[in-house]
Amino acid sequence: MTSDDPALVNIEPGEGGRPVVTVWSDVGCPWAALALHTLRAASARLELPVLIDHRAFPLELFNRESTPKFIVDVELAAIAARRPEVGWRRWSAPEWTYPSSMLPALEAVQAAKSPAVGGLRASDELDIALRRAFYTESRSVGVHAVILELAEGCEHLDADALAKALRAGEGRSEVYGQWDIAQGPHVQGSPHLFAPGGYAVHNPGVTCRWTDSPENGGFPLFEAYDESWAEELLRRVHGAG
Numbered sequence: 005m006t007s008d009d010p011a012l013v014n015i016e017p018g019e020g021g022r023p024v025v026t027v028w029s030d031v032g033c034p035w036a037a038l039a040l041h042t043l044r045a046a047s048a049r050l051e052l053p054v055l056i057d058h059r060a061f062p063l064e065l066f067n068r069e070s071t072p073k074f075i076v077d078v079e080l081a082a083i084a085a086r087r088p089e090v091g092w093r094r095w096s097a098p099e100w101t102y103p104s105s106m107l108p109a110l111e112a113v114q115a116a117k118s119p120a121v122g123g124l125r126a127s128d129e130l131d132i133a134l135r136r137a138f139y140t141e142s143r144s145v146g147v148h149a150v151i152l153e154l155a156e157g158c159e160h161l162d163a164d165a166l167a168k169a170l171r172a173g174e175g176r177s178e179v180y181g182q183w184d185i186a187q188g189p190h191v192q193g194s195p196h197l198f199a200p201g202g203y204a205v206h207n208p209g210v211t212c213r214w215t216d217s218p219e220n221g222g223f224p225l226f227e228a229y230d231e232s233w234a235e236e237l238l239r240r241v242h243g244a245g
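Each residue of the sequence shown is one higher than the last, beginning at 5 in this note's numbering.
The following block contains the structure:
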């Protein structure tokens, strides 16, 4: 398998000939949310549109447990302090509403790729809505009803079709199949971005280290962030750089 293998990266042009960037991530990973925020903001600023093909890097399947809230909390704080434009907030809902699993959200993003539901654009709209709901609104995005409510607000997504797809189990086999691929050597973590022509970068732009392991009370030191990676990637996929 190479970095241009279709199992790793979408090499086909998207709707309207838009280039496609493939992003492997978990909805509950703050670093992935930062990368996606940076890419989308740069795309809008430079007027270089792309479609995002979301692939699941399900952390809870790798770790055999839900990602502990205390880890997400300190990563979120480190990122939001350095990059306040992301607009995130500390979890403010009751603790018992905190998502115990992100798999339903990951499955819904995959199910939304179906042309009957809306395709890549709809899938990305749902991903945006899920991350905003989790990081900004403290919503339990693993709950089926919450996912469908968020889907209702996605312009290019047919929420009724998504509900039918999820009822039929669509999206689940895709998540598990992508987990199988992500256990190989090419996908290094969440996020890992791929684009045609051999582009493959894990957690782009981030310089971070932990003072100690999270289990020992360590904190992430988010030392630097070079957001120029997003413009470089966009110009690359548009053939303008």
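Where is the CB? At the ideal position from N, CA and C, for every residue including glycine.
Note that this is a predicted model, so its numbers are computed, not measured.
Helix, strand or coil at residue i [DSSP, three-state]
i, result
"Trp95", "coil"
"Ser194", "coil"
"Thr215", "coil"
"Val54", "coil"
"Arg171", "helix"
"Thr140", "coil"
"Val78", "helix"
"Phe61", "coil"
"Phe105", "Rather than Phe, the amino acid found at residue 105 in this sequence is Ser. Residue state, collapsed to three classes: coil."
"Ala1", "Outside the displayed span of the chain (5 to 245) sits residue 1, for which this structure offers no information."
Residue closest to residue i, alpha-carbon to alpha-carbon, out of the options
i, options, result
"Pro119", "Pro34, Leu161, Pro72", "Leu161"
"Glu200", "Arg239, Ala149, Ala115", "Looking at the sequence shown, residue 200 is not Glu but Pro. Taking only the C-alpha atoms, the option nearest Pro200 is Arg239."
"His148", "Ala81, Ser232, Glu219, Ala167", "Ala167"
"Trp95", "Ala169, Lys73, Ala165", "Lys73"
"Leu170", "Ser104, Val54, Lys117", "Lys117"
Exposure of residue i, with buried meaning 16 or more beta-carbon neighbours within 10 Å
i, result
"Trp28", "buried"
"Asp128", "buried"
"Glu79", "buried"
"Thr140", "exposed"
"Gln114", "buried"
Cβ-heavy atom distance, residue i to the ligand FMN, below 7 Å
i, result
"Ala112", "Questions concerning the ligand FMN fall outside what the structure shown contains, since it holds no ligand whatsoever."
Spatial neighbours of residue i in its chain, beta-carbon cut-off 7 Å, leaving aside the 5 residues before and after
i, result
"Ala109", "Val31, Leu134, Val145, Gly146, Ile151"
Close Cβ partners of residue i (< 6 Å) along its chain, the five nearest in sequence each way excluded
i, result
"Ser142", "Trp95, Ser96, Ala97"
**Request:** Kindly confirm or deny that the stretch 68–84 and the stretch 7–20 touch, where touching means at least three C-beta pairs closer than 8 Å.
**Result:** no
**Asked** Using 8 Å as the threshold, is the stretch 47–54 in touch with the stretch 172–187, meaning 3 or more CB pairs across them?
**Response** no
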